[in-house]
């Protein structure tokens, strides 16, 4: 379906509203710090990965032997590996862990079987999304969570606040944030 709004009007609106000050946007994401290497850094280099700084880590966006389309089709047919070692990985434990985590996400974790996981989100107070994440129910009293590297600070604060709130009520819950080296 073609829009009835002229293209130059859409471009003008995008420039004014979405990116009013491009330099500040670039400055916000730019860093003088050298990106960290993940556990698979050498693998990516050896196999021709085009590495870019993503959330402070060297990660591949493409490999020299495949176009983006070929890579996509290969993944759909055979599967591919995704390096999550740069992401925030968290263990939450305790007999009240499920009710604690359900208080900050949208998933029905109580309804999950042990050994399964689901995609969920951390909503904000307005119903918007702070971050998307994967939560795995390892056991009745253990959850393993993988969330986005670029939102680590937000996610750590969110989970830490929830755990502190539950502990203040005498509930049994703890949180362990793994480092990239774990």
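In the numbering used here, the protein residues as written are 119 to 300.
Backbone N, C-alpha and C define an ideal beta-carbon position, used for all residues, glycine too.
8 angstroms contact criterion, which residue i and residue j should meet: CB distance rounded
| i | j | result |
| --- | --- | --- |
| residue 215 | residue 261 | 6 angstroms |
| residue 178 | residue 164 | Wrong, their Cβ atoms sit about 11 angstroms apart, outside the cutoff. |
| residue 213 | residue 290 | 5 angstroms |
Residues of its chain near residue i, where Cβ-Cβ distance is below 7 angstroms and the 5 sequence neighbours each way are ignored
| i | result |
| --- | --- |
| residue 238 | 223, 224, 225, 251 and 253 |
| residue 153 | 171, 174, 175 and 176 |
| residue 265 | 205, 206, 249, 251 and 273 |
Exposure label - residue i; buried when at least 16 CB within 10 Å
| i | result |
| --- | --- |
| residue 170 | exposed |
| residue 280 | buried |
| residue 190 | exposed |
| residue 219 | buried |
| residue 293 | buried |
| residue 208 | buried |
| residue 277 | buried |
Close Cβ partners of residue i (< 8 angstroms) along its chain, the five nearest in sequence each way excluded
| i | result |
| --- | --- |
| residue 267 | 172, 173, 174, 175, 204, 205 and 206 |
Nearest residue (CA-CA) to residue i, options the options
| i | options | result |
| --- | --- | --- |
| residue 243 | 183, 221 and 188 | 221 |
| residue 259 | 295, 210 and 269 | 210 |
| residue 230 | 255, 247, 241 and 245 | 255 |
Minimum length 3: unbroken beta strand (DSSP E) runs contained in the stretch 221-257
Whole beta strand (DSSP E) segments, 3+ residues: 234-241 and 247-257.
Could you give the uninterrupted runs of the alpha helix (DSSP H) lying entirely in the stretch 258-295, keeping only those of 4 residues or more?
270-286
So within the stretch 166-207, which uninterrupted alpha helix (DSSP H) runs reach at least 4 residues, ignoring any that extend past its ends?
Fully enclosed alpha helix (DSSP H) runs of 4 or longer: 186-196.
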